[in-house]
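Novice: Following this message is one structure expressed as structure tokens.
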Amino acid sequence: MLRLLAFLKPHRKLVIALVLVNFFLSAMLTVAPLVIKAIVDDVIGAQRLELLLPYLALLLLVTGARAAATYFYSYGQNKLGQLVMTDVRAALYRKLLVLPYSFYDKEQTGRLMSRVSSDVESTRIFLSQILVESLNHAMTIVLATVALFEQSVILALLAAGPMVASGLAMYAAHRRLSEPWALQHQRFAKMSATLQDSLAGVKVVKAFAQEAQEEHKFMATVAEVRAGSLRINDLWNRRWAVIGSIGRFMQLLMIGVGGYMVMAGSLSLGALVAAISLSLLLLGAVNALGTQLNAFSQTATASVRIFELLDEPVTIRSPARPQRLSGELRGEIEFEQVSFRYPTSRANTLRDINLRIPAGSSLAVVGATGSGKSTLVHLIGRFYDPTAGRVLVDGHDVRTLDLADLRRQIGMVAQDALLFSASIAENIAFGRPDAPREAIERAAKLAQAHDFIVQLPDGYDTKIGERGIGLSGGQRQRIAIARAILLDPRILILDDSMSAVDAETEKLLQAAIRTVMRGRTTILIAHRLSTVEQADRIIVLREGRIVEQGTHAELARSSGYYRHVLEMQRMSAAETMSETLPTAPQTVGIC
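For what it's worth, UniProt numbering labels the leading residue of the sequence shown as 1, then goes sequentially.
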């Protein structure tokens, strides 16, 4: 928890101001009972009515000052909370952006969202409320204790026992609730992850009529959260029942002993009234500190989860002194004895890959699902580091290059074309936010996207939904290709980027890609072999190894995997064509 205090450092002036206002509020709380004592003893007891108005005016002044200070305190507290929450969220977001692919392979989006939302809210409560208000209550305890001893040492000592008992009960509650709050945060994260999964796959849920099952799954997590909350509240309410009994016992003790002292003449009535008020003020401050301890249990768990994320090692980062590429990247790529294994897997996804792709040439990668095609191209942009071997670009090990410099030279179009909730023009210009409209439209034309874009209600300014909702798969794919083209990369990677387009659009895109491929290194990954025929060279991956390589003509004449798939796809295309041809009408004879 102490590490959270670092987020207060940029706002130290505001924190100091809140501490001073807190001290003033504590002083005003303590002064009020003393003014009432003076009214009881010096005005009512002494029958000096001329002092009544001045004392009432003083009490009114104290009340007004407290009200004004409370307003400024509340405003400053809220401002501090928002500033801190902004800083913590910014730190988490920056960390999420630099964490490697391998981190997201093992983390659920819903759990990460929970850390950035509810956990950050808990830290705001701790830094702007619990911390500052605990200081306020501590000041109140000190000032009220001094004032109580001034009224009566006997009554102050009588109040000390219940105060200590109340404090110990609060501390016991805090210790008892630490583990339940940790479990409750896990339940909240699980609920968020379940909700996120269902919403992300809502079309699949509806397509398979699984609404009831998904509702049952989500409500099961809600039930766990509810049960956890009830358990925590039960534990806390038991402690409050004990603490409330202690407070009532203290009141009776103060009234009984204090009343006897007043009748015995050893204590004034005003001092008794002030002592009772101060003891109740003390008990309230002690109980409030206990309440803050309960909230502390909640925020301590959130703090641990936040720093778990902030402390997550960034395994892929730019070197301290990166090698600078001399001039423009040529685009030569080489794999030297490369093997790779995902952290969550026991077997290698890639095995002993030796491959050289000359600058400006094109390479197609073919293979069954899970053969390592996408993994191979991810190593070029250093989204992962190889388990063994080296990946070189223009003769430089990619681990020695600045990540941003390297990735700006690579245009990648994935199979699942991810678009952002923004305009079409903003999506195309994502890699070049300063690109002029003419360049955006030129890239869209090359990607065969311009014609359908201008048909939309607002053309290039049309806002598209989250992940490109509102566009067909082929339209999203063409926008993604236009985004890569606009970047004008030296290395272009098309990871099964034509899987979501029809045959006619595929032909148009192939012509466009042939134009875009000129002068740049291009890697094509595809299941449709018609897409890769234009490549200078084709490699076939099987279980992470290169088992075949050559041109389309060479591989088509071989007896390997490539020829087998080619024949299967040709047969499938022939069957599809025969099914779509009109059937000749039969001649009907007349007898």
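For glycine and all other residues, C-beta sits at the position ideal for the given N, C-alpha and C. As the structure is a computational prediction, the values presented were derived from the model and not from experiment.
1) What three-state label does DSSP hand T522 in the structure shown?
2) Taking a contact to mean a Cβ-Cβ separation below 7 Å, would you say L541 touches A556 in this structure?
3) Over the uninterrupted beta strand (DSSP E) stretch that includes V35, give me the two end residues.
4) List the residues that DSSP assigns as beta-bridge partners of R537.
5) Alpha carbon to alpha carbon, what distance is there between L158 and Y260?
6) What does DSSP give as the partner residues of L355 in its beta bridges?
7) Does the structure place the stretch 78 to 85 close enough to the stretch 104 to 124 that three or more beta carbon pairs sit under 8 Å?
8) Identify which residue in Y342, A414, A274 has its Cα closest to the Cα of D385.
9) Under the DSSP definition of a beta bridge, which residues are partnered with I491?
10) Classify F383 as helix, strand or coil using the three-state DSSP reduction.
11) Note down the Cα distance separating H527 from A388, rounded to an integer number of angstroms.
12) Give me, in chain order, the residues of the same chain whose beta-carbon lies closer than 7 Å to that of R563; leave out the 5 immediate sequence neighbours on both sides.
13) From the DSSP output, in three-state form, read off D397 for me.
14) Which residue marks the beginning of the beta strand (DSSP E) containing Q549, and which one marks its end?
15) Between which two residues does the alpha helix (DSSP H) containing A46 stretch?
16) Would S362 be called buried (16 or more neighbouring beta carbons within 10 Å of its own) or exposed?
17) Would you call the stretch 278 to 292 in contact with the stretch 245 to 258, where contact means no fewer than 3 C-beta pairs closer than 8 Å?
18) Does the contact criterion of 3 or more C-beta pairs under 8 Å hold for the stretch 218 to 238 versus the stretch 142 to 158?
19) Can you list, in chain order, the residues of its chain whose CB lies under 8 Å from that of R124, leaving out five sequence neighbours each side?
20) Please name the residue, chosen from R356, V365, A414, that lies closest to D394 on a Cα-to-Cα basis.
21) Are the beta-carbon atoms belonging to S26 and M139 less than 7 Å from one another?
22) What does the alpha-carbon distance come out to for the pair Q108 and A165?
23) Check whether the Cβ atoms of T410 and G381 lie closer than 7 Å to each other.
24) Quick check on S558: buried or exposed, where buried means 16 or more other Cβ atoms within 10 Å of its Cβ?
25) Using only the heavy atoms of the ligand COA, determine whether one of them is closer than 6 Å to the beta carbon of R226.
26) Restricting to Cα atoms, I'd like to know which of R407, A425, Q534 is closest to A449.
27) With DSSP run on the structure shown, which of helix, strand or coil describes V314?
28) For I141, which residues of its own chain have a beta-carbon under 7 Å away from its beta-carbon, when the five flanking residues on both sides are left out?
29) Give a yes or no on whether the C-beta atoms belonging to V398 and F335 are separated by under 7 Å.
30) Buried or exposed for I485, going by 16 or more other Cβ atoms inside 10 Å?
31) Use the C-beta contact count for I16: other C-beta atoms within 10 angstroms, 16 or more gives buried, fewer gives exposed.
32) Please work out which residues of its chain come closer than 7 Å, Cβ to Cβ, to L29, disregarding the five sequence neighbours upstream and downstream, and give them in chain order.
33) Residue range of the alpha helix (DSSP H) that Q415 falls in?
34) Considering only C-alpha positions, which residue in the set R115, R111, R226, A271 is nearest to T194?
35) In whole angstroms, what separates the C-alpha of L460 from that of L350?
36) Taking 6 Å as the limit between beta carbons, can you name the residues of its chain near V62, skipping five residues before and five after?
Specialist: Looking at the coordinates:
1) For the purposes of this step, residue 522 is taken as residue 522 along the sequence shown, with counting starting at 1. Strand at T522.
2) Numbered from its first residue, the sequence shown carries residue 541 at position 541. Numbered from its first residue, the sequence shown carries residue 556 at position 556. No, Cβ-Cβ distance for L541 and A556 is not below 7 Å.
3) Here residue 35 is taken as the residue at index 35 of the sequence shown, counted from 1. Looking at the DSSP string, V35 is not in any beta strand (DSSP E); the run it does join, the alpha helix (DSSP H), is 12 to 38.
4) The residue you call residue 537 lines up with position 537 of the sequence shown. Under DSSP, R537 takes part in a beta bridge, and its partners are L363.
5) Working through the sequence shown from its first residue, we reach residue 260 at position 260. Working through the sequence shown from its first residue, we reach residue 158 at position 158. Cα to Cα, Y260 sits roughly 14 Å from L158.
6) Within the sequence shown, residue 355 is the residue found at index 355, counting from 1. DSSP lists F335 as partners of L355.
7) With the cut-off at 8 Å, the stretch 104 to 124 and the stretch 78 to 85 touch.
8) By one-based count along the sequence shown, residue 385 stands at place 385. Out of Y342, A414, A274, Y342 has the C-alpha closest to the C-alpha of D385.
9) By 1-based counting over the sequence shown, the position of residue 491 is 491. DSSP output for I491 lists I410, T521 as bridge partner(s).
10) The sequence position of residue 383 within the sequence shown is 383, counting from 1. Looking at F383 - three-state DSSP - the assignment turns out to be coil, as it is neither helix nor strand.
11) By 1-based counting over the sequence shown, the position of residue 527 is 527. By 1-based counting over the sequence shown, the position of residue 388 is 388. Their backbone Cα atoms lie some 28 Å apart in a straight line.
12) The residue given as residue 563 occupies position 563 in the sequence shown. So the list reads L555, A556, once near-sequence residues are dropped.
13) In the sequence shown, counting from the first residue as 1, residue 397 sits at position 397. Of the three classes helix, strand and coil, the one that applies to D397 here is strand, per DSSP.
14) For the purposes of this step, residue 549 is taken as residue 549 along the sequence shown, with counting starting at 1. 545 to 550 is the extent of the beta strand (DSSP E) around Q549.
15) Numbered from 1 along the sequence shown, position 46 holds the residue referred to as residue 46. Taken as a continuous stretch (DSSP letters only), A46 belongs to no alpha helix (DSSP H), as it is neither H nor E.
16) Translated into positions along the sequence shown, residue 362 becomes position 362. With 16 or more other Cβ atoms within 10 Å, it is buried.
17) Flag = yes, the stretch 278 to 292 and the stretch 245 to 258 touch.
18) Touching, no, given that fewer than three Cβ pairs across the two stretches are closer than 8 Å.
19) Locating residue 124 in the sequence shown gives position 124, counting from the first residue. The residues are G81, Q82, V84, M85, V88.
20) In the sequence shown, residue 394 corresponds to position 394, counting from 1. If you compare the alpha carbons of R356, V365, A414 with that of D394, the shortest gap goes to R356.
21) Indexing the sequence shown from 1 puts residue 26 at position 26. Indexing the sequence shown from 1 puts residue 139 at position 139. Going by C-beta atoms, S26 is nearer than 7 Å to M139.
22) By one-based count along the sequence shown, residue 108 stands at place 108. By one-based count along the sequence shown, residue 165 stands at place 165. Near 45 Å, if we compare the C-alpha coordinates of A165 and Q108.
23) The residue labelled residue 410 in the question sits at position 410 within the sequence shown. The residue labelled residue 381 in the question sits at position 381 within the sequence shown. The displayed chain sequence assigns Ile, not Thr, to residue 410. Result yes, Cβ atoms of I410 and G381 sit closer than 7 Å.
24) Sequence index remark: in the sequence shown, residue 558 carries index 558 (1-based). Taking all protein chains in view, the Cβ of S558 is surrounded by fewer than 16 other Cβ atoms within 10 Å, so the residue is classified as exposed.
25) Here there are no bound small molecules, and the ligand COA is not part of this structure.
26) Translated into the one-based positions of the sequence shown, residue 449 becomes position 449. If we check each option's Cα against that of A449, A425 comes out closest.
27) As a position in the sequence shown, residue 314 is number 314, starting the count at 1. Note: V314 maps to coil in three-state DSSP.
28) Counting from 1 along the sequence shown, the entry for residue 141 is found at position 141. So the list reads L282, A285, V286, once near-sequence residues are dropped.
29) Counted from its first residue, the sequence shown places residue 398 at position 398. Counted from its first residue, the sequence shown places residue 335 at position 335. No.
30) Position 485 of the sequence shown, counted from the start, is the residue given in the question as residue 485. Answer is buried; the Cβ neighbour count reaches 16.
31) Walking along the sequence shown from the start, residue 16 turns up at place 16. Label assigned to I16: exposed.
32) By one-based count along the sequence shown, residue 29 stands at place 29. For L29, where only same-chain residues beyond five positions count, the Cβ hits under 7 Å are T140, L281.
33) In the sequence shown, residue 415 corresponds to position 415, counting from 1. Taken as a continuous stretch (DSSP letters only), Q415 belongs to no alpha helix (DSSP H), as it is neither H nor E.
34) For the purposes of this step, residue 194 is taken as residue 194 along the sequence shown, with counting starting at 1. Nearest neighbour of T194 by Cα position, chosen from R115, R111, R226, A271, turns out to be R111.
35) The residue given as residue 460 occupies position 460 in the sequence shown. The residue given as residue 350 occupies position 350 in the sequence shown. One point to set straight first is that residue 460 is Tyr, not Leu, in the sequence displayed. Approximately 41 Å, taken between the alpha carbons.
36) On the sequence shown, position 62 is the one that residue 62 refers to. Correct list, in chain order: M28, V31, A32.
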